[in-house]
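K.L.:
Attaching a single structure in C-alpha cells format; questions to follow.
Number of protein chains: 2
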Amino acid sequence: MSTTVQARTLQGMRDWLGQRARLKQWVIGELRETFELFGFEPLDTPAVEYAETLKGKYGEEADKLIYGFEDRGGRAVGLRYDLTVPLARVVAQYPELPRPFKRYHIAPVWRAERPQRGRYREFTQCDVDIAGSDSSLADAEIIAVVGAGFDRLGFPDYTVRLNSRKLLAGLAGWLDVSGERTLSLFRTLDKLDKIGWEGVLAELGERGFEARLGDELRALFERTDLPQSSPDESRRVLRSLEEQFADRPLALEGIAELGQLLDAIGPLGVRAGTYRIDLSMIRGLDYYTGPIFEVAVEKPKIGSVASGGRYDNLIGIFSGRAVPATGGSFGFDRIIDVIEELGLEPRGLGGTVTQVFVTVFGPETTGASLALARDLRAAGVRTEVALTGDRLPNQLRSAGRRNVPFVAILGPDEIAANEVVVRDMASGEQTRLPRATAPATLATRLGIPSPSAVPSPAGSRFEARRAGPG
Amino acid sequence: MSTTVQARTLQGMRDWLGQRARLKQWVIGELRETFELFGFEPLDTPAVEYAETLKGKYGEEADKLIYGFEDRGGRAVGLRYDLTVPLARVVAQYPELPRPFKRYHIAPVWRAERPQRGRYREFTQCDVDIAGSDSSLADAEIIAVVGAGFDRLGFPDYTVRLNSRKLLAGLAGWLDVSGERTLSLFRTLDKLDKIGWEGVLAELGERGFEARLGDELRALFERTDLPQSSPDESRRVLRSLEEQFADRPLALEGIAELGQLLDAIGPLGVRAGTYRIDLSMIRGLDYYTGPIFEVAVEKPKIGSVASGGRYDNLIGIFSGRAVPATGGSFGFDRIIDVIEELGLEPRGLGGTVTQVFVTVFGPETTGASLALARDLRAAGVRTEVALTGDRLPNQLRSAGRRNVPFVAILGPDEIAANEVVVRDMASGEQTRLPRATAPATLATRLGIPSPSAVPSPAGSRFEARRAGPG
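Going down the list, the protein sequences come from chains A and B.
The working numbering numbers the first residue of the first sequence as 1 and each following residue consecutively.
The working numbering numbers the first residue of the second sequence as 1001 and each following residue consecutively.
Okay, here's the thing in C-alpha cells:
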C-alpha cells in the first residue's frame, strides 16, 4: 500500500458529484413517482448475467458491445446491455408474477462503445414495461407514462414519433426488398430526419439499391407524410397508408394497431401535437415486433430522449412460450443534458444538501454545538457541524462558499445566555434566537413542516415514521 | 432468436421483486434521508474501475474476490469491491471538492465469494464517509449517523462496538507479537464473541502461539472488560486500558481518541446503552488506521449490520499526500433480513403500488375508463387500468388478489349517469360517486393531499413540481 496509483475513471464512464449527483437523484425520483402513478412496480436485477442470457437478443452489432468475461467458476457471464432482456428473463423465471406484469427498473447498463459526446460505456436506463398484454392499451399506457415523465420533468417541447414493425415489414415487401437487404434499407431510411432525401437516395445507391426503389420510397412518403398537428390529421396519415398497402395484410395489421394506439393515448392524457406517425423512424433493436416509438426534442439538437415498442417474441426465448410485451426506455443521460441546457433544474439544486451549518467555537463549547446539531436534525433540518477546528471566520467563509443558507453560531456568550446567533448567509443578517426554540424556528423559516404535522406526502405509499435521530 | 435459453440468475446474485423490491426502496429512501439530515451529499461512481485502483487496498484474501477482467481495449479492469476505494479515488481525482467532503453512496458491489446464507456475490452497500478531517468529531458524526439510520428503520435493539487500530497495535506490541503473527492473533481474537475463551485459547494454540500469550490476553480482558451500561462505565474501561498500556504511546493515542469519541457521541444523540468499548472487535480490512466500529444485533442472530472506521492512508495511495478519512457502511442485505424477521416493515408494503384499479367494460367504454385513469393520476392516485380484455368479474378478482384497495367500475350505465362505482376491496362496500369529483374524493379517502395544498415534504430539498400527467 505504498506506491501511488493514478486516480482516474475509465473512458466512457463517469463520476457523479455535487450538483450533477443531486440532479441525477432528482430525475430518478421524479420518474419513479411518475411510474408508480401509472401502477408500475419496482424491479431490480443483478448487473451480471449469464452470457447466453444476454447474447443473440439485440442483433450482431450490439452483441459485440456486451462486456463479457469468465467468472471464477469458469462461467461465461456479462454485464447487462439493457434492462429489457433481464425483464424477459425474470418474466420467464417467475411464473407466479401477476399478469400483466407492470414494472419499472432504473439502473446502470454497460456497452463497450467507442466513447463520444453523449455516448457512454456505463449509463443509466429508466425502463417501464408491461409483460403479458397484447392489447394496444398496453402500448398506449407506455406512451402515456413516457409523456407524463417528460411533462413532470418540465420538458417544454418534445415529439413522440410512432411507427410499427409490421408496417415496416409491409413496406419492405411492397418495395420487394427482403432478407439482409431489409436491414440495409432501414438503416438508411432511419437517417431521413438527419440527412434528408438527397442523403437517403445517395446512400441507398451506395448500398446497391436501384434508383427506382429510392424514387418509389420517396413518392410513397410524399403521398402519405401529411402534416399532423391534430389527432385527426394523424388518422388521415394512417388512412392514406391503408390505401397504399391495401394488399399487404401485415402492414394493415400494423396500421390498425397504430389506429388503436391513437384512440387510446388521447383519453390517457397525451396532448395533441406531441405525437405523430413517422414511417422513417425505425429503431435499431432486433426484438421489436409491433408498434415502436421514439421521443425527440428539437432544442437542444440531441435527438432521441426515449424510445421503445412492442416485443412479443423476446420472453418466449426464455420461457418457451410467447408472452407479449411492450415497453419504453428513457435516455437518462441525454435527459440530464437537456435539463442542464434548458435550465430545467428545480430551484435549490445548486447549493448543498446542508441547510444549517453549526459552528464550533472551541473545545469547551463543542458539546453544546453537537447538541444543537442533534436538535436541528430532530426538527428535520439538514445540518452540518464544523469538523475542522478552523477559526470562526474560516468556518463562516467555508459555509458561505458552499451556499449553505444559514449558519448557527454558538460561542461561550450565547451558551451563557441560552441563545443561538443565526446568520442568514444570503443577506448577512444575524438574529438571536432562544436556544430552546431555535431548531423549530429555523425549521419553519426553511419551510419544513413540524414532525407532528407532516402529512403522508403524495406519492409515498407508507405511513411516515419520524423517529428522527436521538 | 429461436432456441430456448434457460432463465436463471447467477448463484449469489438476486432479483428483487414485489414486496422485497418495495422494501429495498423504502430502506434506501430512509437511509438517504438520514444521511442528508447529517449533511452528506450524494455521490455515484462507475461499477467498473481500473484493476490497479481496486487491488492492494483490502488485503490479499480480499483481492482474490475482486471480479477482474480485460475490457475490449485490453485494459485490466474490475467490478468495485466496495464503495470506499472509489471514494478515495474520487477525493484524489477532484481536488476542487470541499474539505471536509461528506458523501453518501448507495450502490451495488461485487465479490466472488462462495455463496452462502446472507453472503452474496452482488450486494448493496450504503456508505457514509467524511474525507479531510482528522478530528474525532468526524468519527463521532459517523457513529451518530449510523445510529440515526437504525433508529429511523425502527431497529429496537443494537449495539455499537468500538475499538481502535492503534489500541490493537499497542496490544500486539504488549504481547510481543509482530509481523504476520499479528494478523493471525487478531483473526482468532475477532471470534471471541462467537467461540468464547475456550475456543480462542485452543485456536491460538493451533496457530502456534505459546499458552502464556493466551493466558496474558485473557487476563488483560478480565481486568479491563468491565460492564458498560453507561457512558461513565465505558470511560472507566478506557481508564483501565490506559493503566495496562501506560508504556505504549500508540495504544494511549488510540485510547485518547476513543475518549474524545465518547465525549462527542452523547451530545450528538447516540443513546447511552447502545455502545461499548470492545477490544475483541477487530474488522478485517487492511486500510483502517484509527477508531473502528461495528454495529451488531442480538435478534435475529445475524451478527454485524454495519461497520466502519478511520482510514487515514488510503486516499494518499491515489493522491500522493495523506488525506484523513473516516466512514461507515450499512450491511444492507442483513438489514433487510432483520426487518423481515422482526416485522419492522412499514404498513402498506405488502400490497401493490396501485391504489385504484379502473375496469374496462368493453370497446365502447374504453375511452371513458382511460380518461378516468388520467384524472385519478392527475389527482395523485396511483392508478392502473385493465389491459387484458378479461370479463369484469375476472378484472375484479385479479385486483383483489393483488390487494389493490379500490376498484373503479365504469360501465355504460355509469357513463350515462355521469357516475363511477367505487368498490372498497377490503370491505366489499360499493359507493356511487359523481364522475367529476370521483378522482378528488378517492384521493382524499387515500390520504393524498390535494395537489395545490401539497407542502414541500420534510427532507425534500426542492420546490415540488406537480404538473401531473396530461
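Beta carbons are placed, not taken as given, at the ideal position from N, Cα and C, and that holds for glycine.
Note that the structure is predicted; figures quoted are calculated from it, not measured.
1) Evaluate contact between the stretch 1270-1286 of chain B and the stretch 1227-1242 of chain B, counting only Cβ atoms and requiring at least three cross-stretch pairs below 8 Å.
2) DSSP state of A/P346, grouped into three classes?
3) Nearest to B/L1010 by alpha carbon, out of A/L410, A/L54, A/A112?
4) Shorter than 8 Å from the beta carbon of A/R22 to some beta carbon of chain B?
5) List the residues of chain B that A/G389 touches, going by C-beta distances under 7 Å, in chain order.
6) Restricting to Cα atoms, I'd like to know which of B/P1291, B/T1188, B/K1057, B/I1106 is closest to B/I1255.
7) Classify A/P457 as buried or exposed, calling it buried when 16 or more other Cβ atoms lie within 10 Å of its own Cβ.
8) If you measure between the beta carbons of B/S1135 and A/L387, is that distance less than 8 Å?
9) Note down the Cα distance separating A/F462 from B/P1346, rounded to an integer number of angstroms.
10) Starting from A/F330, follow its DSSP beta bridges and name the residues at the other end.
11) For B/Q1006, tell me which candidate among A/L258, A/D286, A/L314, A/E253 has the shortest Cα-Cα distance.
12) Mind the definition here: the stretch 200-218 of chain A touches the stretch 135-149 of chain A only if three or more C-beta pairs lie below 8 Å; say whether that holds.
13) Find the residues of chain A that neighbour B/M1013, judging by a C-beta separation of less than 7 Å, and give them in chain order.
14) According to the neighbour-count rule (16 or more other Cβ atoms, all chains shown, within 10 Å of its Cβ), is B/S1329 buried or exposed?
15) Indicate whether at least one CB of chain A lies closer than 8 Å to the CB of B/Y1275.
16) In angstroms, rounded to a whole number, what distance separates the CA positions of B/A1021 and B/I1106?
17) Identify whether A/G214 lies in helix, strand or coil by the three-state DSSP scheme.
18) Which of the three DSSP states, helix, strand or coil, is assigned to B/L1097?
19) With a threshold of 8 Å between beta-carbons, can A/Y81 be considered close to chain B, or not?
20) For chain A, find out if any of its Cβ atoms is closer than 8 Å to the Cβ of B/A1440; answer yes or no.
21) By Cβ distance below 6 Å, which residues in the same chain neighbour A/G400 in space, the five residues on each side in sequence not counted?
22) Between B/F1069 and chain A, is the shortest Cβ-Cβ distance under 8 Å, so that the two count as touching?
23) Below 6 Å CB to CB, which residues in the same chain sit around B/L1376 once its five sequence neighbours on both sides are set aside?
24) Measuring only the C-alpha atoms, how far is B/L1481 from B/A1088?
25) Does DSSP classify A/S460 as helix, strand or coil?
26) Step through the CB atoms of chain A and report whether any lies within less than 8 Å of the CB of B/G1309.
27) What are the boundary residues of the alpha helix (DSSP H) that B/D1286 is part of?
28) Cutting at 6 Å between CB atoms, please list the residues of its own chain near B/P1455, excluding the five before and the five after it.
29) Can you give me the C-alpha to C-alpha distance between A/A528 and A/F318, rounded to a whole angstrom?
30) Quick one: is A/G205 near chain B, going by C-beta distance under 8 Å?
31) Does DSSP put A/N488 in a helix, in a strand, or in coil?
32) With burial defined as no fewer than 16 other Cβ atoms inside 10 Å of the residue's Cβ, what is the status of A/A453: buried or exposed?
33) Does the stretch 59-77 of chain A come close enough to the stretch 172-182 of chain A that 3 or more CB-CB pairs lie under 8 Å?
34) Please state whether the Cβ-Cβ distance between A/R334 and A/V305 is less than 8 Å.
35) Do you know how far the Cα of A/G331 is from the Cα of A/I302?
36) When you compare only the Cα positions, how much space is there between A/L97 and B/L1079?
P.N.:
So, to answer that:
1) Yes: the two stretches touch, three or more of their Cβ pairs being nearer than 8 Å.
2) Here residue 346 of chain A is taken as the residue at index 346 of the first sequence, counted from 1. DSSP places A/P346 in coil when its eight states are reduced to three.
3) Stepping through the second sequence from its first residue, residue 1010 of chain B is reached at position 10. When only C-alpha atoms are compared, the closest one is A/L54.
4) As a working note, residue 22 of chain A is residue 22 in the first sequence. It does; some Cβ of chain B falls within 8 Å.
5) Position 389 of the first sequence, counting from 1, holds the residue named residue 389 of chain A. Chain-order list of chain B residues neighbouring A/G389: S1135, by C-beta distance under 7 Å.
6) Indexing the second sequence from 1 puts residue 1255 of chain B at position 255. If we check each option's Cα against that of B/I1255, B/P1291 comes out closest.
7) Here residue 457 of chain A corresponds to residue number 457 of the first sequence, with the count starting at 1. Residue confidence for A/P457 is low, a pLDDT of 40 falling below 50, so the modelled location carries little weight; the figure read from the coordinates is stated next. By the neighbour-count rule (16 or more Cβ atoms within 10 Å), A/P457 is buried.
8) Working through the second sequence from its first residue, we reach residue 1135 of chain B at position 135. Working through the first sequence from its first residue, we reach residue 387 of chain A at position 387. Taking 8 Å as the Cβ cut-off, B/S1135 and A/L387 qualify as a contacting pair.
9) As a working note, residue 462 of chain A is residue 462 in the first sequence. As a working note, residue 1346 of chain B is residue 346 in the second sequence. Note that A/F462 scores 42 on pLDDT, short of 50, meaning its location in the model is unreliable; the coordinates nonetheless yield the value given after this. Rounded to the nearest angstrom, the gap between the Cα atoms of A/F462 and B/P1346 is 6 Å.
10) Position 330 of the first sequence, counted from the first residue, corresponds to residue 330 of chain A. DSSP output for A/F330 lists A/C126, A/A306 as bridge partner(s).
11) Taking the second sequence and counting its residues from 1, one reaches residue 1006 of chain B at position 6. Taking only the C-alpha atoms, the option nearest B/Q1006 is A/L314.
12) Contact between the stretch 200-218 of chain A and the stretch 135-149 of chain A is absent, because fewer than three Cβ pairs lie under 8 Å.
13) Within the second sequence, residue 1013 of chain B is the residue found at index 13, counting from 1. The contacting residues are P46, V48.
14) Here residue 1329 of chain B refers to the residue found at position 329 of the second sequence. Around the C-beta of B/S1329, 16 or more other C-beta atoms lie within 10 Å, and the residue is accordingly described as buried.
15) Mapped onto the second sequence, residue 1275 of chain B falls at position 275. Chain A, which has no Cβ nearer than 8 Å to the Cβ of B/Y1275, makes this no.
16) Locating residue 1021 of chain B in the second sequence gives position 21, where the first residue counts as 1. Locating residue 1106 of chain B in the second sequence gives position 106, where the first residue counts as 1. Counting only the Cα atoms, B/I1106 lies some 15 Å from B/A1021.
17) Numbered from its first residue, the first sequence carries residue 214 of chain A at position 214. DSSP, read as helix, strand or coil, puts A/G214 in helix.
18) By one-based count along the second sequence, residue 1097 of chain B stands at place 97. If DSSP states are grouped into helix, strand and coil, B/L1097 belongs with coil.
19) Looking up residue 81 of chain A in the first sequence gives position 81. So, not an interface residue.
20) As a first step, residue 1440 of chain B must be located in the second sequence, where it is residue number 440. No, its Cβ sits nowhere closer than 8 Å to a Cβ of chain A.
21) Working through the first sequence from its first residue, we reach residue 400 of chain A at position 400. Excluding positions up to five away in sequence, the list reads M425.
22) On the second sequence, residue 1069 of chain B is found 69 positions in, with the first residue counted as 1. Using a CB distance cut-off of 8 Å, B/F1069 counts as an interface residue toward chain A.
23) The sequence position of residue 1376 of chain B within the second sequence is 376, counting from 1. Sequence-distant Cβ neighbours of B/L1376 in its own chain, meaning closer than 6 Å and more than five residues away, are V1356, T1383, P1439.
24) Residue 1481 of chain B is absent from the model: chain B starts at 1001 and stops at 1470.
25) Counting from one through the first sequence, the residue named residue 460 of chain A turns up at place 460. With a pLDDT of 41 at A/S460, under the threshold of 50, the predicted position of this residue should be treated as unreliable, though the coordinate-derived value follows. Coil at A/S460, not helix or strand.
26) Along the second sequence, one-based indexing puts residue 1309 of chain B at 309. Taking Cβ atoms only, chain A never reaches closer than 8 Å to B/G1309, which makes this a no.
27) The residue given as residue 1286 of chain B occupies position 286 in the second sequence. It is not in any alpha helix (DSSP H) - B/D1286 carries neither H nor E in the DSSP assignment.
28) Position 455 of the second sequence, counted from the start, is the residue given in the question as residue 1455 of chain B. The predicted model places B/P1455 with a pLDDT of 42, which falls under 50 and marks its position as unreliable; any figure quoted below should be read in that light. Once the five neighbours on either side are set aside, B/P1455 has no close Cβ partner at all.
29) Look at the range of chain A in this structure, 1 to 470, and you will see that residue 528 of chain A is not part of it.
30) For the purposes of this step, residue 205 of chain A is taken as the residue at position 205 of the first sequence. No, no contact with chain B.
31) Nothing can be reported for residue 488 of chain A, as the shown portion of chain A is limited to 1 through 470.
32) As a position in the first sequence, residue 453 of chain A is number 453, starting the count at 1. In this prediction, A/A453 has a pLDDT of 49, which is less than 50 and means its spatial position is unreliable; nothing more can be read from the coordinates.
33) Here the stretch 172-182 of chain A does not lie against the stretch 59-77 of chain A, with fewer than 3 beta-carbon pairs under 8 Å apart.
34) Numbered from 1 along the first sequence, position 334 holds the residue referred to as residue 334 of chain A. Numbered from 1 along the first sequence, position 305 holds the residue referred to as residue 305 of chain A. Cβ atoms of A/R334 and A/V305: closer than 8 Å.
35) As a working mapping, residue 302 of chain A is identified with position 302 in the first sequence. As a working mapping, residue 331 of chain A is identified with position 331 in the first sequence. When rounded, the distance between both Cα atoms is 11 Å.
36) For the purposes of this step, residue 97 of chain A is identified with residue 97 of the first sequence, where counting begins at 1. For the purposes of this step, residue 1079 of chain B is identified with residue 79 of the second sequence, where counting begins at 1. Cα-Cα distance, rounded: 31 Å.
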